[in-house]
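What follows is a set of notes on a single structure, which appears directly below.
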């Protein structure tokens with residue numbers, strides 16, 4: 105501000121000199137009027153008097169422009185200080201900049217500097233422009249900070265961010281800014297942070313739409329002209345990054361060879377394709393992984409059947425074996441992605457005795473349940489049939505026939521055997537003794553777990569049996585407790 109005071113002193117002195125010069129100007133005007141009709145040679149002799157007058161007019165114009173520009177610059181700086189835009193510690197959002205009307209302030213500020221460019225050789229103009237430019241660059245830096253903070257919210261595009269993007273392209277080194285901007289988009293919208301299969305499959309679910317969205321976001325922020333060339337390089341960078349991420353995850357799968365990874369492999373295979381929207385050719389660079397995925401599924405299935413061979417005895421709680429659950433998850437993934445099911449069976453199915461994709465579920469289910477039934481031979485009475493029901497039920501969704509009957513009927517047969525065991529056991533008792541016996545047995549059967557459908561069938565049959573026994577006066581005692589105990593049986597609770 106001290107420099108501004110010095111400039112004002114100089115301007116006041118200049119103003120006094122200009123007033124003195126006005127008298128000369130008036131005299132010159134009279135002379136010009138007198139000499140309008142004078143011979144040219146005579147006029148020529150008066151040039152030394154006329155030129156100073158013209159220079160004085162230019163000086164007055166300069167004075168007027170300079171003082172007006174200085175006042176505008178100071179007023180804009182006051183406005184900027186007032187809204188806190190120059191506060192280095194204040195973190196601003198795009199919305200804050202909009203509320204402050206920053207772009208209008210900055211454009212007016214820049215216009216003031218542009219108006220003085222023709223006088224840049226004048227020392228005080230050069231000094232003013234130098235100081236003002238430095239101040240301007242500091243504010244631009246705050247706008248740039250707000251712009252890149254807004255990018256972190258992508259894929260949500262903040263309102264008005266495009267106006268600030270275009271402003272920064274004009275105000276900064278264009279090449280450097282666009283390079284920094286491209287790297288920011290790559291970091292935010294790329295796949296560098298993806299480390300696990302679930303996240304990878306989620307992010308690549310609709311790859312074509314996603315990459316087109318990236319292009320559209322870029323165009324929206326910096327305009328069609330600038331975005332065109334950036335989009336080409338940006339998509340290539342993202343695909344290269346994605347290839348590395350996929351390669352790293354598949355390498356981990358290859359080292360571990362876990363059957364429970366098959367569903368994720370199937371989903372990834374299905375994701376590596378063109379989906380709805382304009383075709384993005386770069387996606388085809390990812391197709392190289394399809395063959396590797398098919399081979400990994402093969403290796404995981406080999407490992408699965410090797411693990412299945414270790415199933416010699418049932419699990420303690422008689423629930424569904426992990427091998428059955430894993431196989432059903434595999435079936436589910438194939439069912440949702442039938443193209444890979446057909447492709448895998450065509451290439452590797454014969455190694456497992458499968459020559460048609462429609463045979464896959466029946467073949468694998470039969471092999472799995474054969475081991476389950478063998479393990480069930482170690483069990484007796486209720487335990488055996490509850491174990492078989494729990495391990496057959498998950499296959500209902502995928503396998504129609506089993507053991508020369510429908511899978512549904514095979515399960516119902518086991519349920520009927522459980523009901524039969526109940527009827528045999530209660531024939532030995534009657535009266536209150538029967539009531540106590542059933543309560544005691546039902547309490548034990550709480551630990552067993554059965555799927556909803558099969559549990560409801562058992563509950564219905566047991567309730568019906570109790571009502572028949574009451575009607576026949578065979579069962580006596582508190583029936584309400586008995587019925588409550590029936591509802592709690594086969595729920596897997598202690």
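Residue numbers (the numbering used here): 105 to 598. A virtual CB, placed ideally from N, CA and C, is assigned to each residue, including glycine. Note that the coordinates shown come from a computational prediction; the quantities given were computed from them, not determined experimentally.
Classification of residue i by the beta-carbon crowding that lies within 10 angstroms, buried from 16 upward
i	result
residue 518	buried
residue 496	buried
residue 549	buried
residue 593	buried
residue 485	exposed
residue 535	exposed
residue 280	exposed
residue 494	buried
residue 480	buried
residue 503	buried
residue 392	exposed
residue 221	exposed
residue 528	exposed
residue 234	exposed
Selected residue, minimal CA-CA separation from residue i, among the options
i	options	result
residue 236	264, 291, 174	174
residue 489	537, 314, 523, 470	523
residue 456	412, 504, 405	405
residue 350	232, 407, 301	301
residue 315	583, 377, 576	377
residue 278	334, 538, 480	334
residue 443	460, 427, 472, 417	460
residue 178	197, 199, 240	240
residue 565	516, 250, 271, 307	516
residue 483	270, 238, 361, 420	420
residue 491	428, 449, 463	428
residue 248	471, 197, 418	197
residue 206	283, 187, 220	187
residue 487	558, 418, 533	418
Through-space distance from residue j to residue i, alpha-carbon basis
i	j	result
residue 439	residue 433	10 Å
residue 447	residue 311	21 Å
residue 374	residue 441	7 Å
residue 587	residue 394	56 Å
residue 268	residue 329	16 Å
residue 469	residue 507	11 Å
residue 226	residue 163	12 Å
residue 389	residue 514	48 Å
residue 191	residue 185	8 Å
residue 215	residue 383	45 Å
residue 600	residue 252	With the chain covering 105 to 598 only, the question about residue 600 has no answer from this structure.
residue 223	residue 181	22 Å
residue 183	residue 204	9 Å
residue 575	residue 584	15 Å
residue 581	residue 571	13 Å
residue 541	residue 573	14 Å
residue 273	residue 165	33 Å
residue 562	residue 554	10 Å
residue 512	residue 466	14 Å
residue 270	residue 327	8 Å
residue 306	residue 510	36 Å
residue 577	residue 552	30 Å
residue 361	residue 543	48 Å
residue 289	residue 309	20 Å
residue 615	residue 568	Residue 615 lies beyond the range of the chain shown here (105 to 598); nothing can be said about it.
Cβ pair residue i, residue j closer than 8 Å
i	j	result
residue 400	residue 369	yes
residue 339	residue 386	yes
residue 396	residue 354	yes
residue 590	residue 521	no
residue 292	residue 319	no
residue 367	residue 436	yes
residue 176	residue 212	yes
residue 345	residue 331	no
residue 264	residue 244	no
residue 295	residue 342	yes
residue 464	residue 445	yes
residue 412	residue 472	yes
residue 304	residue 372	yes
residue 170	residue 261	no
Where the alpha helix (DSSP H) containing residue i begins and where it ends
i	result
residue 550	Where residue 550 is concerned, there is no enclosing alpha helix (DSSP H), given that its DSSP letter is neither H nor E.
residue 71	The structure shown has nothing for residue 71, since the chain only spans 105 to 598.
residue 373	366 to 375
residue 669	Nothing about residue 669 can be reported from this structure: the residues present for the chain run from 105 to 598 only.
residue 223	Here residue 223 belongs to no alpha helix (DSSP H), and DSSP marks it neither H nor E.
residue 307	301 to 307
residue 398	393 to 412
residue 197	Neither: residue 197 is in no alpha helix (DSSP H) and is coded neither H nor E.
Minimum Cβ-Cβ distance from residue i to chain D less than 8 Å
i	result
residue 476	No chain D appears in this structure, which consists of one protein chain only.
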